[in-house]
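Counting along the sequence shown from 1, when you hit position 140 you're at 179 in my numbering, and nothing is skipped either side.
Positions of the beta carbon are idealized from the N, C-alpha and C atoms, including for glycine.
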Amino acid sequence: MMKKTIGRVALSLALITGSVSLLFAWGTFGHQHINHAAVFALPTEMRTFFYNHIDFITEESTVPDLRKYTLNDKAENPRHYINIEGMETMPIDSLPKTMKDAMAKYDEKTLQKMGILPWYMQEIMEKLTKAFKEKRKTEILFLAADLGHYIGDANMPLHTALNHDGQLTDQKGIHSFFESQLPEYFGNGYNYHVTEAIYLENVTTASWDVIKHSNGLADSLLLIEKNLKATFSKEKIYKTDVDGKVLKNKFGQWTHSYEYATAYHKALNGMVEHQLRHAVQDVANFWFTAWVNAGKPDLDQLDPNELTASNRKRYKKEMKLYKQGKLFGFRIENEFN
Ligand SMILES: [Zn+2]
């Protein structure tokens, strides 16, 4: 019942604004896997503390979307995307680099409509750095988890594109197909092991690099599906009930058939896995950079030794799995069947 309401609110919101679709980005599956894996990509000095709170970091990864849909927080919406082609200034490099510059250039309404994702990432990054400096444990965890969400969104190509749900090319529904259904169907086979966190010399540049890379994939992601669709007979594209009616998930989104999902996933040639791994790497890099820029505070002293000791066994087991690219202990509430 609860979920149904959320779906309806989200749907009516989307209808009212007419532009922004159901921007869940990666769904619960993706966001939780991104934040969770990023903990293991941290250097040892950070990893113990983050591991002690890995359940929080994992669950909290979807809270920004809850603020948007469950709490109906209007200010939340534009933080999850940037509509690059919608900004009148092209190319990408000519866009304002920081929130300050963006606010000087665009009015509130434009920003609300076009989105503020890369600028907002930088803002949270500043706040996280400050929290590390002041050793405020709850703020560190809260901001790190939130930042993980937005970096995850930035790695979803359609969160940077004007044609964010294929609405301009007769591909409506591709947004959740790519970010939720595909990870739910195939994500358990992905490799989540990435390089240990790398220091980012320039956070502003780094946040734009994420967007640029992601935006560069949007067109091919759409084109691949368009070409594939042309080779499938219509009744094979979607899951249908006995009467041949297309099945919708709890958010009212059309469910693609397993056969079609498999074909699309294959045609994408690893793009979903690549972007999820990219997100894991980015999240670890940003967390690490905030910590270094804060003067590398000792995080282990923020937790009682007993907590660390009691986590040791599970930590060892999870670390071993992670090195093989696997994550441990997930039971995700799937959005698609
Ligand atoms: Zn989001």
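Integer Cβ distance of residue i from residue j, believed to fall under 8 Å
| i | j | result |
| --- | --- | --- |
| W293 | K287 | 6 Å |
| K335 | E127 | Contact doesn't hold; Cβ gap of about 42 Å is too wide. |
| M195 | E218 | 5 Å |
| H295 | F216 | 6 Å |
| I190 | D321 | 5 Å |
| A302 | L267 | 6 Å |
| T67 | T109 | Not really, about 13 Å apart at Cβ, beyond 8 Å. |
| I131 | K251 | 6 Å |
| W148 | P135 | Looking at the sequence shown, residue 148 is not Trp but Lys. Not quite, the Cβ-Cβ distance comes to about 16 Å (not below 8 Å), so this is no contact. |
| H75 | L360 | Not confirmed; about 11 Å, so no contact. |
With 16 other Cβ atoms within 10 Å as the buried cut-off, status of residue i
| i | result |
| --- | --- |
| M41 | Confidence at M41 is low in this model, with a pLDDT of 42, below 50, so its placement is unreliable and no value can be given for it. |
| T97 | buried |
| Q71 | buried |
| P82 | exposed |
| E374 | buried |
| G368 | exposed |
| Y238 | exposed |
| A114 | exposed |
| T270 | exposed |
| E372 | exposed |
| Q363 | exposed |
| E357 | buried |
| S133 | exposed |
| R86 | buried |
| N376 | exposed |
| A236 | buried |
| G187 | buried |
| S272 | exposed |
| A306 | exposed |
| D104 | buried |
| N324 | buried |
| G309 | exposed |
| V249 | buried |
| V319 | buried |
| N254 | buried |
7 Å CB neighbourhood of residue i in its chain, flanking five on each side removed
| i | result |
| --- | --- |
| P117 | L150, Q151, G154 and I155 |
| A170 | E178, I179 and L182 |
| E162 | M138 |
| Q210 | L261, E264 and K265 |
| T208 | N202, L261 and K265 |
| L341 | F88, K174 and K176 |
| H92 | L180 |
| Y229 | E312 and L315 |
| Y90 | V78, N350 and Y354 |
Chain-order list of residues whose beta-carbon lies under 6 Å from that of residue i (same chain, five-residue window excluded)
| i | result |
| --- | --- |
| T168 | A329, N332 and A333 |
| K166 | L182 |
| I213 | G205 and E264 |
| W247 | P157 |
| E99 | A184 |
| E124 | L201 |
| D192 | A64, H119 and H198 |
| A245 | L239 |
| D112 | R106 |
| K278 | L286, T294 and S296 |
| H304 | L221 and F225 |
Cutoff 8 Å; reference residue i; Cβ partners in own chain excluding five residues on either side
| i | result |
| --- | --- |
| D146 | none |
| S51 | Confidence in S51 is poor, its pLDDT being 39 and thus under 50, which makes the residue's placement unreliable; the coordinate value appears in the next sentence. Cβ neighbours of S51 beyond the five flanking positions: none. |
| M142 | L150 |
Proximity test, Cβ basis, 8 Å: residue i and chain B
| i | result |
| --- | --- |
| W158 | The chain inventory of the structure shown lacks chain B, comprising one protein chain alone. |
As an exercise, report each continuous beta strand (DSSP E) stretch of at least 3 residues that is fully enclosed by the stretch 235 to 314, in chain order. none
Completely contained alpha helix (DSSP H) runs for the stretch 101 to 165, where each covers 4 or more residues: 102 to 108, 138 to 144 and 147 to 153
Are the stretch 343 to 352 and the stretch 242 to 260 touching, with three or more C-beta to C-beta distances below 8 Å? no
Contained alpha helix (DSSP H) runs [length at least 4] in the stretch 170 to 238, N- to C-terminal order: 176 to 193 and 221 to 225
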